[in-house]
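For reference, the structure discussed in these notes is given below.
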Amino acid sequence: MSDNVIEVHGLTKVYGAAHAVNAIDLTIRRGEIFGLLGPNGAGKTTTILMLLGLTETSGGTVDVLGFDPVRQPLEVKRRVGYLPDAVGFYDHLTARENLIYTARLLDIPRREADQRIMEALRSVDLADVADKRVSTFSRGMRQRLGIAEIVMKRAEVAILDEPTSGLDPHATFELLEMIRRLKKSGVAVLLSSHLLDRVQSVCDRVALFNKGRIALMGTVVELANQVLGAGHPLLVEATGIDVAEALSGTPGVQQVVPAGEGAWRVTADRDVRAEVARRIVTAGGALTRLADLQPSLEEVYTRYFQEARHAA
Amino acid sequence: MPRSAARREGSPFTGIGPVYLKELADNLSSIRMLVLTLFIIVFGAFPVASSLQQLRTVVGSDAFLFLRIFTIEPEQVPIPFVQALNFIIPLMAIGLGFDLVNSEFNRRTLSRVLSQPLYRDALLLGKFLAGITTLAVAMVALWLIVFGAGLLLLGLPPRGVEVARGIGFLVVAVAYGGVWLAIAMFFSVIFRSTATSALCSLGLWLFFFILWPMIAQAITMAFVPAEITSLDQFMGLQQLGLALQRVSPGTLFSEAVLGLLNPETRTLGPMLPSQMRGAIMGAPLPLDQSLLLIWPQVTGLIAGMIVVFTASYVIFQREEVRA
Chain U
2 MSDNVIEVHG
12 LTKVYGAAHA
22 VNAIDLTIRR
32 GEIFGLLGPN
42 GAGKTTTILM
52 LLGLTETSGG
62 TVDVLGFDPV
72 RQPLEVKRRV
82 GYLPDAVGFY
92 DHLTARENLI
102 YTARLLDIPR
112 READQRIMEA
122 LRSVDLADVA
132 DKRVSTFSRG
142 MRQRLGIAEI
152 VMKRAEVAIL
162 DEPTSGLDPH
172 ATFELLEMIR
182 RLKKSGVAVL
192 LSSHLLDRVQ
202 SVCDRVALFN
212 KGRIALMGTV
222 VELANQVLGA
232 GHPLLVEATG
242 IDVAEALSGT
252 PGVQQVVPAG
262 EGAWRVTADR
272 DVRAEVARRI
282 VTAGGALTRL
292 ADLQPSLEEV
302 YTRYFQEARH
312 AA
Chain B
21 MPRSAARREG
31 SPFTGIGPVY
41 LKELADNLSS
51 IRMLVLTLFI
61 IVFGAFPVAS
71 SLQQLRTVVG
81 SDAFLFLRIF
91 TIEPEQVPIP
101 FVQALNFIIP
111 LMAIGLGFDL
121 VNSEFNRRTL
131 SRVLSQPLYR
141 DALLLGKFLA
151 GITTLAVAMV
161 ALWLIVFGAG
171 LLLLGLPPRG
181 VEVARGIGFL
191 VVAVAYGGVW
201 LAIAMFFSVI
211 FRSTATSALC
221 SLGLWLFFFI
231 LWPMIAQAIT
241 MAFVPAEITS
251 LDQFMGLQQL
261 GLALQRVSPG
271 TLFSEAVLGL
281 LNPETRTLGP
291 MLPSQMRGAI
301 MGAPLPLDQS
311 LLLIWPQVTG
321 LIAGMIVVFT
331 ASYVIFQREE
341 VRA
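Protein sequence lines correspond, in order, to chains U and B. Under our numbering, think of the first position of the first sequence as 2, with each following residue one higher. Under our numbering, think of the first position of the second sequence as 21, with each following residue one higher.
Now the structure itself:
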């Protein structure tokens, strides 16, 4: 119980006749990075806003750090940091002044605030532009300033809505690094995104949203097993040997399919790389490549929505 | 929905202080404020200068010399200073208020600020109070300049009662500005586009200044019977016309100011011979009587401000924060 920072049961949001969020259940544990995935309009942002008490719920219960966002939004908002999609700051103020305003809203004493703000800005590499106006900032810098706000707030939970959208690859990489650092300092991170490979690289668990419901939830590997079927896929490239023949009868190997000139796709129910390599070499083949095909979230996502469409 | 009936915890005023201070600092340091101040000075300096010119010739013969600076209609300029203010205060309030809320949407700062521990109440009220304070600062500065110029050019100090009436005038002016600030804020809550919101506020302002007096008159005319048979009937029509005029905040302001700055004013409506009995024409009323006279007008202004503010508050509470 105390390990869960967010617990959601049957959360529902109705706009007119449409269910934007339809009876979802969700738990987020202390110190994990949880990804909310799904197409636009699937209910990710609405869910986030309800967690923060910024939108009224139509049904279900939400518990954030032991508080109810509907009745105790101030307590929730004091402990949860939020980085909205395309976060905005007051352009005519400097980075530091923007954070000072937040610190005042949080009722942090002035001297402590100054110190926390400098630490936070340093942690997101914005210390040298602390006194520059935000109007001169790039999008990536604004996002980082948003992270700095969460760091300064010493939030126990950070909720990031599309934190990497519209960022160049380098800025994305930096931002994800900061998100990992947040996790390391013990903050539970909830992030929504549609940049799947990026999400895959940082998330411990993900939930796949579809039309207001959580379609799938778990680690990336679990999802892959669920959607793509179980197994460890391998890509084997070798010359001077028929890999399919060499591997026949190997314990654990379920299927070997040719995948082009001198390449095979191997499906196994466990990690059989060492055994595969040994067999190919002893059979006299030259092993040129042995790759563990990590199940990609993108594949899971695409396959899932293809199937969902077929089912519909 | 049963859940919305659940009581929320924590004071709605949490965080109002920082919001107020930030908005006030923004207002006072903005270029917009500079422009508005220049505007007032340009529009106000001329009537004040010409009234002073004229008043210098009558020093000593008038007991309320300082108040005349505001109300006298100078020969060169056909508008007295208060009338210029009647026109300019709304413009200033609209200038301060037309983008109070929608600019937060457009800068995408609203959801971030609201994710800090404060209710929307505090944000709205803090912004409104900061706007009122800004107006008050501007009005006090203006008032001091006028009194200062009077001191220099007329060469005699204002009497206590003049200062008291002047302060009353300040309060009325700020309340009047508050009404228009609330209206501008109302539109800034309704419309996401700042241009639309400014246009609506200005449109309403022009409507009340140009069209409404005519419309009120037309409506009153429609009620005039073929023949007016009694005094009561005539009075009724007069009252109706006046009541319609008083829908415009500008009418309330000018009536209240008339009562305060023209101490001779005995009534703001039609006057019956019975009310004249025993009155010495042209004799000033004491301050408390003048205040009593304008009390409904002042209450009306403040009530209007509260009503419009409440309307924007209700709409803002229901608004979705997502951009």
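Built from N, CA and C at the ideal position, the CB exists for glycine as well.
Check, Outcome
"Would ARG140(U) and LEU168(U) be called neighbours here (beta carbons separated by less than 9 Å)?", "yes"
"If the cut-off is 9 Å on Cβ atoms, which residues from the segment 247-259 of chain U count as contacting chain B, listed in chain order?", "none"
"Kindly list, in the order they appear in chain U, the residues whose Cβ is closer than 7 Å to that of GLN309(B).", "The contacting residues do not exist; GLN309(B) stays about 47 Å from chain U at best."
"Rounding to the nearest angstrom, what Cα-Cα distance links TYR91(U) and SER135(B) in this structure?", "15 Å"
"Quick one: Cα of PRO74(U) to Cα of LYS185(U), how far?", "26 Å"
"Tell me, please, which residues DSSP counts as bridged to TYR83(U).", "ILE160(U)"
"Nearest to ALA269(U) by alpha carbon, out of ALA156(U), ALA189(U) and GLY253(U)?", "GLY253(U)"
"Is MET142(U) near the ligand NAD, with its Cβ less than 8 Å from a heavy atom?", "As far as ligands go, the structure on display features none, and thus does not contain the ligand NAD."
"Which of the residues in the segment 26-54 of chain B, read from start to end, lie with their CB under 9 Å from any CB of chain U?", "ALA26, ARG27, ARG28, GLU29, GLY30, SER31, THR34, GLY35, GLY37, PRO38, VAL39, LEU41, LYS42, ASP46, SER49 and SER50"
"The alpha helix (DSSP H) that contains PHE210(U), what's its start and end?", "First-last for PHE210(U): 206-211, but that is the beta strand (DSSP E), not the alpha helix (DSSP H)."
"For a cutoff of 9 Å on Cβ pairs, would you count ALA43(U) as touching chain B?", "no"
"Just curious, the beta strand (DSSP E) that ILE34(U) is in, first and last residue?", "34-38"
"Output, in chain order, the set of chain B residues within a Cβ distance shorter than 7 Å of VAL88(U).", "ARG128 and ARG132"
"What do you reckon, are the CB atoms on LEU161(U) and LEU122(U) nearer than 9 Å?", "no"
"Verify the CB distance criterion: does GLN144(U) have a CB-CB separation below 9 Å to chain B?", "no"
"Since THR154(B) is in the alpha helix (DSSP H), which residue starts that stretch and which ends it?", "140-174"
"Are there 16 or more other CB atoms within 10 angstroms of the CB of LEU176(B), so buried, or fewer, so exposed?", "exposed"
"State yes or no: is the beta carbon of LEU344(B) nearer than 9 Å to at least one beta carbon in chain U?", "The question about residue 344(B) has no answer, for chain B in this structure spans 21 to 343."
"For the segment 273-286 of chain B, list every residue whose C-beta sits within 9 Å of some C-beta in chain U, in sequence order.", "none"
"Once you ignore the five residues that flank GLY39(U) on each side, which residues in its own chain have a CB closer than 7 Å to its CB?", "LYS45, LEU209, PHE210 and ASN211"
"Going along chain B, which residues have a C-beta under 8 Å from GLN307(U)?", "None at all; the shortest Cβ gap to chain B is about 29 Å."
"The alpha helix (DSSP H) with GLU43(B) in it runs from where to where?", "36-49"
"Could you tell me whether the Cβ of VAL328(B) comes closer than 9 Å to any Cβ of chain U?", "no"
"Can we say the segment 63-77 of chain U touches the segment 88-102 of chain U, given the rule of at least three CB pairs closer than 8 Å?", "no"
"What's the gap between the Cα of THR91(B) and the Cα of PRO283(B)?", "11 Å"
"With distances taken between CB atoms, is the gap from LEU191(U) to THR165(U) smaller than 9 Å?", "no"
"Please report the straight-line C-alpha distance between ASP69(U) and THR48(U), rounded to a whole angstrom.", "14 Å"
"For VAL244(B), which residues of its own chain have a beta-carbon under 8 Å away from its beta-carbon, when the five flanking residues on both sides are left out?", "LEU257"
"From LEU224(U), GLY285(U) and ALA247(U), pick the residue whose C-alpha is nearest to that of LEU298(U); which is it?", "LEU224(U)"
"Spell out the partners DSSP gives HIS20(U) in its beta bridges.", "VAL15(U)"
"Going by the CB atoms, is the gap between VAL192(B) and PRO276(B) shorter than 9 Å?", "Note that residue 276(B) is Ala in the sequence shown, not Pro. The answer is yes: Cβ separation under 9 Å."
"Anything in the segment 275-297 of chain U with a Cβ closer than 9 Å to a Cβ of chain B? List those residues in chain order, please.", "none"
"So, are the CB atoms of SER123(B) and SER208(B) less than 9 Å apart?", "yes"
"Please tell me whether LEU288(B) and LEU260(B) are closer than 9 Å, where the distance is taken between their beta carbons.", "no"
"Roughly how many whole angstroms lie between the Cα atoms of MET301(B) and PHE86(B)?", "21 Å"
"Kindly indicate if chain U contains any beta-carbon less than 9 Å away from that of VAL334(B).", "no"
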